[in-house]
Amino acid sequence: MCGIVGAVAERPVNKILVEGLKRLEYRGYDSAGVALLDGNTLNTVKAVGKVVNLENALDEAGVKGTTGIAHTRWATHGGVTKANAHPHISNSEIALVHNGIIENHASLREALKGDGYEFLSDTDTEVMVHLIHQLRQQHTTLLASVQAAVKQFDGAFGTVVFDKANDNEIIVARSGSPLVIGLGLGENFIASDQLALLPVTRTFIYLEEGDVARITRNSVEIFDVDGNAVKREVIESNITQDASGKGEYRHYMLKEIYEQPLAVRNTLEGRLNDDRVAIDAFGDSAQQIFKDVKHVQIIACGTSYHSGMVARYWLEQFAGVSCNVEIASEFRYRQSFVHENSLLVTISQSGETADTLAALRLAKQQGYMASMTICNVPGSSLVRESDLAFMTKAGAEIGVASTKAFTTQLVGLLMLTASIAQEKGLDQGTIVNAIKLLPAKLEETLLLADGIADLAEEFADKHHSLFLGRGSQYPIAMEGALKLKEISYIHAEAYAAGELKHGPLALIDADMPIIVVAPNNELLEKLKSNVEEVRARGGIIYVFADKDSHFESDDTMRVINVNHVDDVIAPVVYTLPLQLLSYYVAVIKGTDVDQPRNLAKSVTVE
Ligand code: G6P
């Protein structure tokens with residue numbers, strides 16, 4: 232989603248800003264812009280489409296600056312146009328970029344129009360810059376004007392502002408949308424994600440909710456929501472820069488699919504002792520909480536929601552606790568029942584998904600015994616605001632379609648299941664022994680890639696598809712369908728195979744491929760009956776099956792054999808062939824695999 236980069240320096244910052252935006256491209260966006268201060272001259276350049284268009288427009292305009300703010304916009308209010316792209320400017324004096332949504336923009340706009348402000352865009356953001364300009368007439372500093380303005384904004388924002396009268400100052404404010412300050416020598420930076428700034432610094436300060444900061448070349452002053460000067464922790468980033476390179480791979484998504492054995496290995500490292508999980512991987516107070524827990528409420532969005540759905544099968548089967556799983560945007564707007572001794576678990580790659588974060592904040596007022604997050608980004612909002620955190624060690628995930636974050640979330644959830652079982656005196660050894668084999672099993676499964684690439688040819692002209700699974704493979708079918716629709720734009724739905732006859736059978740014909748996930752477990756015979764129901768109606772079936780499942784390829788069925796794995800880890804293993812299938816179909820269709828249309832990596836607005 233929207234990305235922010237800003238800098239205040241002695242040297243020209245054009246290239247730093249453009250490189251920063253490029254490093255945020257993976258988040259998804261549709262236009263980009265930059266405002267630069269060269270002394271007291273303010274120049275703004277914007278472009279619709281990719282950052283490279285902005286880069287070309289900047290070269291053409293021949294402008295530069297030592298202070299600047301830059302933005303990639305993912306349209307919410309107002310279409311994809313140059314006028315709606317950020318930065319927005321008030322009276323040729325104040326420039327501003329914004330991530331988030333200002334919910335009371337309509338009333339602020341009316342009031343500002345009444346006071347003579349002219350609006351050039353359809354965005355909610357433009358009210359911010361005009362209001363700050365108006366308050367600037369009443370306050371002696373830009374900092375005070377921003378502090379006064381933020382009190383009037385309802386909604387979420389991460390915003391960066393400068394006034395052309397002072398090229399040694401940018402003011403930043405965070406409420407609901409993350410911002411991180413990057414510290415340099417005689418220069419300082421701001422961004423919505425530290426990845427944007429890794430070429431210029433590895434020293435960062437995360438702003439907290441309600442913080443407003445004044446950043447100059449040589450200083451950083453931070454004020455909390457009440458205006459008190461505060462110190463925030465300075466951290467050294469351990470993210471490796473090459474995480475943002477594609478290496479030998481054609482797409483980030485393919486690279487990330489192949490990184491899964493390593494990502495799982497890293498997630499397990501140091502966290503298993505013989506046949507037990509090291510419970511402190513979840514946090515210091517985890518042991519007592521796991522002893523007492525009776526119910527787990529999982530909340531997440533998108534792919535992360537699917538990992539939660541798999542965990543429900545595991546937690547209820549192996550850990551003896553009941554479990555509900557809910558989409559965050561639903562949970563946050565309904566009155567839900569809090570069970571006794573209930574642990575709230577959020578799952579998120581980014582740790583910044585607006586709905587998941589809002590759901591956590593709501594749940595914290597509702598009487599859960601504790602909150603825990605399973606998350607891939609250290610220092611993210613969910614990690615900081617949860618009582619316990621299990622960090623997946625997938626490394627930076629750049630492809631919008633989540634792959635290695637999902638499989639490492641599943642590993643985290645298996646370890647959670649084993650840990651709770653352990654504390655309740657139940658068998659956890661079966662899970663732990665199976666998890667240890669996972670990296671090798673994933674490596675073996677990736678060897679199926681060539682066969683799957685061939686199979687993908689048969690999907691390229693299809694418009695609809697159906698994914699089927701049973702038990703803990705039903706959410707895997709859902710995840711497979713999500714992957715296919717995200718990156719190949721083929722309509723894909725997933726069904727629990729037992730539901731076929733309650734509706735979807737009506738859709739079956741030779742133009743609707745049916746993808747079946749079929750490990751060799753106690754549900755296999757039931758699944759085989761479902762497959763026969765499809766065959767009898769002329770459907771073409773693609774089965775990802777355990778070698779011992781005895782499915783045979785023929786005119787109406789293509790079988791891809793997957794090596795046998797213990798059923799407990801089968802959901803993780805069967806995810807990979809489905810990821811590969813989506814990937815190769817998308818490549819054949821020529822879509823933008825890493826940045827599919829209309830989608831964003833980190834959804835920081837609701
Ligand atoms: C976006 C991404 C998905 C992701 C979802 C939840 O929609 O495109 O890949 O699953 O957000 O994100 P989270 O960071 O909370 O896992």
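According to the numbering used here, the sequence shown is numbered sequentially starting from 232.
Yeah, the Cβ is synthetic: ideal placement off N, Cα and C, and Gly gets one too.
Bear in mind that the values here come from a model prediction, so they are computed numbers and not experimental data.
CB contact flag (residue i, residue j, <8 Å)
{"i": "D390", "j": "L414", "result": "Reading the sequence as shown, one finds Thr at residue 390 and not Asp. No; because the gap between Cβ atoms is not below 8 Å, this pair is not in contact."}
{"i": "Q812", "j": "S780", "result": "Per the sequence shown, residue 812 should be read as Leu rather than Gln. No, Cβ-Cβ distance for L812 and S780 is not below 8 Å."}
{"i": "D618", "j": "S516", "result": "yes"}
{"i": "L267", "j": "G299", "result": "yes"}
{"i": "L846", "j": "A288", "result": "With the chain running from 232 to 837 in the structure shown, residue 846 is simply not present."}
{"i": "V569", "j": "L715", "result": "no"}
{"i": "L591", "j": "S581", "result": "no"}
{"i": "C532", "j": "I558", "result": "yes"}
{"i": "D738", "j": "L697", "result": "One point to set straight first is that residue 738 is Leu, not Asp, in the sequence displayed. It is a contact, given that the beta carbons lie within the stated cut-off."}
{"i": "M297", "j": "P243", "result": "Looking at the sequence itself, residue 297 is Thr, so the reference to Met does not match. A contact, by the Cβ cut-off of 8 Å."}
{"i": "V836", "j": "T498", "result": "no"}
{"i": "I745", "j": "G770", "result": "yes"}
{"i": "A741", "j": "F782", "result": "no"}
{"i": "A460", "j": "V451", "result": "no"}
{"i": "V799", "j": "T661", "result": "yes"}
{"i": "D424", "j": "L677", "result": "no"}
{"i": "D862", "j": "V663", "result": "There is simply no residue 862 to check, as the chain begins at 232 and stops at 837 in what is shown."}
{"i": "V239", "j": "T432", "result": "no"}
{"i": "R304", "j": "D261", "result": "yes"}
{"i": "E324", "j": "K395", "result": "yes"}
Terminal residues of the alpha helix (DSSP H) in which residue i lies
{"i": "H695", "result": "Here H695 belongs to no alpha helix (DSSP H); instead the beta strand (DSSP E) covers H695 to G700."}
{"i": "D685", "result": "A680 to A687"}
{"i": "L194", "result": "Because the chain here runs from 232 to 837, residue 194 falls outside it and cannot be looked at."}
{"i": "S612", "result": "S612 to E616"}
{"i": "I510", "result": "No alpha helix (DSSP H) holds I510; DSSP gives it neither H nor E."}
{"i": "M743", "result": "Looking at the DSSP string, M743 is not in any alpha helix (DSSP H), and its letter there is neither H nor E."}
{"i": "F521", "result": "A517 to D523"}
Closer than 7 Å: residue i CB and nearest ligand 1 heavy atom
{"i": "V541", "result": "no"}
{"i": "E423", "result": "Residue identity differs from the one stated: residue 423 is Ser in this sequence, not Glu. Outside the cutoff, so no."}
{"i": "T498", "result": "no"}
{"i": "K832", "result": "yes"}
{"i": "G533", "result": "yes"}
{"i": "T587", "result": "yes"}
{"i": "V631", "result": "yes"}
{"i": "S579", "result": "yes"}
{"i": "T806", "result": "no"}
{"i": "T584", "result": "yes"}
Endpoints, the beta strand (DSSP E) within which residue i is located
{"i": "L268", "result": "S262 to D269"}
{"i": "G331", "result": "I325 to I333"}
{"i": "E557", "result": "S553 to I558"}
{"i": "L574", "result": "S573 to S579"}
{"i": "R445", "result": "V443 to I446"}
{"i": "V803", "result": "It is not in any beta strand (DSSP E) - V803 instead sits in the alpha helix (DSSP H) that spans A801 to K820."}
{"i": "T434", "result": "T434 to Y437"}
{"i": "Q528", "result": "H526 to A531"}
{"i": "S833", "result": "Where S833 is concerned, there is no enclosing beta strand (DSSP E), given that its DSSP letter is neither H nor E."}
{"i": "S321", "result": "H319 to S321"}
{"i": "E452", "result": "V451 to F454"}
{"i": "N882", "result": "It is not possible to answer for residue 882, since the shown part of the chain is limited to 232 through 837."}
Counting only runs that start and end within the segment 354-412, where is the alpha helix (DSSP H) found for 4 or more residues in a row? Qualifying alpha helix (DSSP H) stretches, in chain order: 357-367 and 373-381.
Counting beta carbon pairs with one atom in the segment 716-729 and one in the segment 661-678, are three or more of them shorter than 8 Å? With contact defined as three or more Cβ pairs closer than 8 Å, the segment 661-678 and the segment 716-729 are not in contact.
Segment contact, 8 Å Cβ cut-off, at least three pairs: the segment 524-540 with the segment 569-581: Segments in contact, yes.
May I ask you to verify whether the segment 264-281 touches the segment 335-351, counting CB pairs closer than 8 Å and requiring at least 3? Too few Cβ pairs lie closer than 8 Å, so no.
Which runs of the beta strand (DSSP E) spanning at least 3 residues fall entirely within the segment 747-784, listed in chain order? Secondary structure remark: continuous beta strand (DSSP E) runs of at least 3 residues inside the segment 747-784, in chain order: 772-777.
Complete runs of the alpha helix (DSSP H) confined to the segment 621-691 [at least 4 residues]: Annotation note: the segment 621-691 contains the following uninterrupted alpha helix (DSSP H) runs of length 4 or greater, listed N- to C-terminal: 635-654, 660-667, 669-677 and 680-687.
What residue ranges within the segment 235-300 form continuous alpha helix (DSSP H) runs of no fewer than 4 residues, ordered along the chain? At a cut-off of 4 residues, the continuous stretches assigned as alpha helix (DSSP H) that sit fully inside the segment 235-300 are 245-255 and 282-292.
Inter-stretch contact (C-beta, 8 Å, three-pair minimum) for the segment 624-638 and the segment 787-800: No: fewer than three Cβ pairs fall under 8 Å.
Does the contact criterion of 3 or more C-beta pairs under 8 Å hold for the segment 387-403 versus the segment 344-352? Cβ pair count under 8 Å is below three, so no.
Are three or more beta carbon pairs between the segment 609-617 and the segment 549-565 nearer than 8 Å? Contact fails: fewer than three Cβ-Cβ distances are below 8 Å.
Between the segment 529-548 and the segment 635-650, do three or more beta carbon pairs fall short of 8 Å? Under the Cβ criterion (8 Å, minimum of three pairs), the segment 529-548 counts as touching the segment 635-650.
Should the segment 379-387 be called in touch with the segment 398-409, which here means at least 3 C-beta pairs below 8 Å? Cβ pair count under 8 Å is three or more, so yes.
Specify whether the segment 359-372 and the segment 315-322 touch according to this definition: at least 3 beta carbon pairs, one from each stretch, less than 8 Å apart. Verdict: yes, contact present.
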